[in-house]
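Shown next, in structure tokens, is the structure this report addresses.
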Amino acid sequence: MTESEPMPDASERPYSPGIEAIFEVVARLRAPGGCPWDREQTHESLRPYLLEETYELLEAIDSGDDAKMKEELGDLLLQVAMHAEIAADERRFDAAQVSEAVAAKMVARHPHVFGDVSVADAEEVLRNWEHAKRDDARNSGREHESVVDRVPATLPALAWALGLQKRAARVGFDFESPTQTAENVAEEARELAQATDAKQAFEEMGDLLFAVVSLARRLKINPEDALRVAGQRFRDRFAATEASLRRDGVDFRDLDHNELVKRWEETK
């Protein structure tokens, strides 16, 4: 339902009001006599949709459009409901258990809110969170698990690198200062420039990107966000340059490098 569509009258809705609505709708879609497409979906078949909806929500957040954000949050909630219903159909777990488990985890991880523990600041909250996770690992028989093992390798590369670095930094494995981190970026750039073959260049490029992510982290900048904003700036400026050339009846391919640079600078 879009913003322009009227909300059905309460007596006409085939579901309860509130958060339960989507879970009831999905249960009906997957029940005998429901939707053939929804009934044949699996956790695996829904993977691309989950990823797509997540990125669409991120785009809505970046746009600042509340109506779009509400819609995309709903689409993401639909994915949660679908996965929970599939698991319920297989008698593995259900939506209620999902909700109760994460609520219990949040209560346990926030003793400074739900208990009598005192904390000085957000940094102490994070330290306590890590301690709690290590306790959970021990209780689950995962006491020998590395601190970086639980960073999903399926994350986009920048987010994965950032996650690995954050986990390592929490146990003290980090440069002492942002200045040292910046020096490491410069060193990796020099090594890339000195690469003598494609294999070495590939490896050094990876090291350089990893070092840049580390510097962004030390400066409290999300590298994914920073790169996205830079990409948006490039897109907008390129489009403006392109429009300027079009107004003059000129094509990019008609200009030499110096002329292109001049037109690019004029658009800045």
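Each number in the working numbering corresponds to the 1-based position in the sequence shown with 22 added. Where is the CB? At the ideal position from N, CA and C, for every residue including glycine.
Classification of residue i by the beta-carbon crowding that lies within 10 angstroms, buried from 16 upward
i	result
Thr-176	exposed
Leu-180	buried
Gln-216	exposed
Gln-187	buried
Val-234	buried
His-166	exposed
Val-10	This structure gives no information on residue 10, because the portion of the chain shown stretches from 23 to 290.
Val-124	exposed
Glu-107	buried
Ser-33	Reliability fails at Ser-33, whose pLDDT of 48 lies under 50, so the model's placement of it is uncertain and the value that follows must be treated cautiously. Ser-33 comes out exposed.
Thr-24	Its pLDDT being 44, under 50, Thr-24 is placed unreliably by the model, and the measurement read from it follows with that caveat. So Thr-24 counts as exposed.
Phe-224	exposed
Arg-239	buried
Ala-183	buried
His-105	buried
Ala-89	exposed
Phe-45	buried
Ala-117	buried
Pro-54	exposed
Pro-245	buried
Ser-26	In this prediction, Ser-26 scores a pLDDT of 46, lower than 50, which makes its location untrustworthy; no coordinate-derived value is stated.
Cβ-Cβ separation, residue j to residue i (assumed contact under 8 Å), whole Å
i	j	result
Leu-214	Leu-230	5 Å
Leu-237	Ala-211	Contact doesn't hold; Cβ gap of about 11 Å is too wide.
Arg-52	Asp-60	5 Å
Arg-315	Thr-289	Look at the range of the chain in this structure, 23 to 290, and you will see that residue 315 is not part of it.
Leu-241	Pro-178	Not quite, the Cβ-Cβ distance comes to about 20 Å (not below 8 Å), so this is no contact.
Asn-206	Phe-197	7 Å
Arg-192	Glu-152	5 Å
Leu-267	Phe-256	About 16 Å; that fails the 8 Å criterion.
Among the options, the one whose alpha carbon lies nearest that of residue i
i	options	result
Leu-282	Thr-263, Gly-271, Asp-270, Arg-268	Thr-263
Ala-103	Leu-277, Ser-121, Lys-90, Met-91	Ser-121
Ala-208	Gln-187, Phe-232, Arg-160, Leu-80	Phe-232
Asp-111	Val-234, Arg-156, Gln-63, His-166	Gln-63
Val-147	His-105, Met-128, His-279	Met-128
Val-173	Arg-189, Gln-101, Asp-138, Gly-228	Arg-189
Ser-67	Gln-101, Met-91, Glu-152	Gln-101
Arg-114	Ile-41, Pro-39, His-65	His-65
Leu-131	Gly-40, Asp-270, Arg-149	Per the sequence shown, residue 131 should be read as Arg rather than Leu. Per the Cα distances, Arg-149.
Arg-269	Gln-254, Asn-280, Ala-252, Arg-285	Arg-285
Phe-136	Ala-126, Ala-265, Glu-287	Ala-126
Val-251	Ser-85, Ile-41, Ser-38	Ser-85
- Message: Within 8 Å, do at least three Cβ pairs link the stretch 97-111 to the stretch 64-74?
- Response: Segment contact: the stretch 64-74 against the stretch 97-111, three or more CB-CB distances shorter than 8 Å; contact assigned.
- Message: Give the list of continuous alpha helix (DSSP H) stretches no shorter than 4 residues that lie fully inside the stretch 87-151.
- Response: With a minimum length of 4 residues, the continuous alpha helix (DSSP H) runs that stay inside the stretch 87-151 are 88-111, 117-131, 133-136.
- Complete alpha helix (DSSP H) runs within the stretch 221-284 (minimum length 4 residues, chain order): Runs of the alpha helix (DSSP H) spanning 4 or more residues and lying entirely within the stretch 221-284 occur at 245-269, in chain order.
- Counting pairs of beta carbons, one from the stretch 143-159 and one from the stretch 78-92, are three or more of them closer than 8 Å? Contact between the stretch 143-159 and the stretch 78-92 is absent: fewer than 3 CB-CB pairs across the two stretches fall below 8 Å.
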